[in-house]
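Numbering (my numbering), first residue to last: 6 to 108.
A virtual CB, placed ideally from N, CA and C, is assigned to each residue, including glycine.
Just so it is clear, the structure is predicted and the values come from calculations on it, not from any experiment.
Data first, discussion second: the structure below is written as structure tokens.
As structure tokens, this is what we get:
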């Protein structure tokens, strides 16, 4: 139960890359799955958990999936992880450009 609680309470930190956040969440999910099928987290639930975890740091990602979800088409786990990774890449590019302009 403690591990499931950790998964549900895990959230993205601004000092953390999205890749690290996804890796942490995926590791917790895998550990739960290894404990038995009854502890497995379904893909749809994992997609929701990933989005809930970025609610405070990247609200725009929630908005990106709001309309499709309200229309009965919630995002797949692949769509969510792609959006998170894309955000990570955009942030990295912005930092590179800002660093180049600042020199």
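query	result
With contact counted as at least three CB pairs below 8 Å, one residue from each stretch, are the segment 35-49 and the segment 77-84 in contact?	yes
Using alpha carbons as the reference points, say which of 18, 19, 28, 33 lies closest to residue 10.	33
Output needed for residue 27: all residues of its chain with C-beta closer than 8 Å, excluding positions within five of it in sequence on either side, in chain order.	55, 86, 89, 90
Judging by CA-CA distance, which residue of 75, 96, 30, 43 is the nearest neighbour of residue 57?	30
I think residue 37 touches residue 6, with their Cβ atoms under 8 Å apart; what is that distance to the nearest whole Å?	At roughly 10 Å, the Cβ-Cβ gap does not stay under 8 Å, so residue 37 and residue 6 are not in contact.
What did DSSP end up calling residue 64 once you bin it into helix, strand or coil?	helix
Please state whether DSSP places residue 44 in a helix, a strand or coil.	helix
Out of curiosity, what's the CA-to-CA distance linking residue 20 and residue 40?	31 Å
Check whether the Cβ atoms of residue 63 and residue 97 sit closer than 8 Å, and answer yes or no.	no
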